[in-house]
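Please read the structure below before turning to the comments.
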Amino acid sequence: MASQPIEVTEPEVTVAAPAQVRIGDPIPVTWTGTVSGNDYVTIVPLGTAEGTRESHFRVRDKQEDTLSAPSQTGLYEVRYVLDEGDRTLARTQVEVLAEDAALQSGATLEAPERAAAGSTVEIGWSVAERSADQRITIARADQAIFTWASAVKIEGEGPVSLTLPDDPGAYEIRFLDLTAQDVLARKTIAVE
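Quick note: to get the numbering used here, add 120 to the position in the sequence shown (first position is 1).
This is how it looks when you write it as structure tokens:
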């Protein structure tokens with residue numbers, strides 16, 4: 121009878137999520153190297169014991185899904201966890217910020233925190249890398265990212281003038297790169 125040694129290797133799994141999100145925001149998560157469809161992705165406070173499961177989803181046959189950001193600010197880990205034995209195979213750190221925190225990733229926005237409904241405000245901006253179609257938009261705070269009430273295409277240098285909606289409420293000024301389908305910066309504004 122013949123025998124041959126075999127080598128058991130650790131699966132190569134990765135998980136990715138944004139470095140910063142706001143309380144309650146959806147967190148887009150991607151991963152590679154699914155071991156079992158019953159494995160799960162969870163978000164837990166940084167330093168939480170292995171095998172702890174809070175908000176989570178099963179990976180099934182997908183490569184991306186969404187978690188909800190926790191209701192407390194702080195440092196968290198998004199973990200890809202092996203269902204068998206609840207062992208973490210991949211992790212990435214996420215900082216959860218206050219609901220009204222500015223988020224910046226490749227651009228900055230300077231705008232007032234409050235302004236009158238229907239008024240026009242000056243928005244200062246800078247961007248690390250220009251592309252063919254970048255816009256500064258205003259949208260309701262709960263509105264889908266690539267939809268808006270008003271938008272200004274970025275051409276030349278800042279600042280730009282943006283007309284605020286007539287309806288009071290919580291809004292968000294967003295610096296969007298439509299070419300790359302990316303959000304480069306977000307800042308809340310109260311329209312009164």
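Just so it is clear, CB atoms sit at the ideal spot from N, CA and C, and this is done for glycine as well.
Could you name the residues that DSSP lists as bridge partners for residue i?
i      : result
Glu184 : Thr150
Phe165 : Position check: residue 165 holds Pro in this sequence, whereas Phe was assumed. Partner(s): Tyr196.
Asp302 : Asp297
Gln140 : Glu215
Ser313 : Limits of the chain in this structure are 121 at one end and 312 at the other, which puts residue 313 out of reach.
Determine whether the beta carbon atoms of residue i and residue j lie at a separation below 8 Å.
i      : j      : result
Val133 : Tyr196 : no
Thr172 : Val179 : no
Thr257 : Ala235 : no
Ile243 : Pro288 : no
Gln254 : Ile274 : yes
Should residue i be labelled buried (16 or more other beta-carbon atoms within 10 Å of its own) or exposed?
i      : result
Phe177 : exposed
Glu292 : buried
Ile147 : buried
With residue i and residue j assumed to form a contact (beta carbons below 8 Å), what rounded beta-carbon distance in angstroms separates them?
i      : j      : result
Asp206 : Glu170 : 7 Å
Ala237 : Asp286 : 5 Å
Trp268 : Ala259 : 4 Å
Among residues of its own chain, excluding the 5 on either side of residue i, which ones have a beta-carbon nearer than 7 Å to its beta-carbon?
i      : result
Thr158 : Looking at the sequence itself, residue 158 is Asn, so the reference to Thr does not match. Counting only Cβ-Cβ distances below 7 Å, and skipping sequence neighbours, we find Arg178, Asp203.
Ala310 : Glu233, Arg234, Ala290
Glu174 : Thr162, Ile163, Val164
With a threshold of 8 Å on Cβ separation, who are the neighbours of residue i within its own chain once the five nearest residues in sequence on each side are excluded?
i      : result
Val155 : Pro131, Val133, Leu202, Leu209
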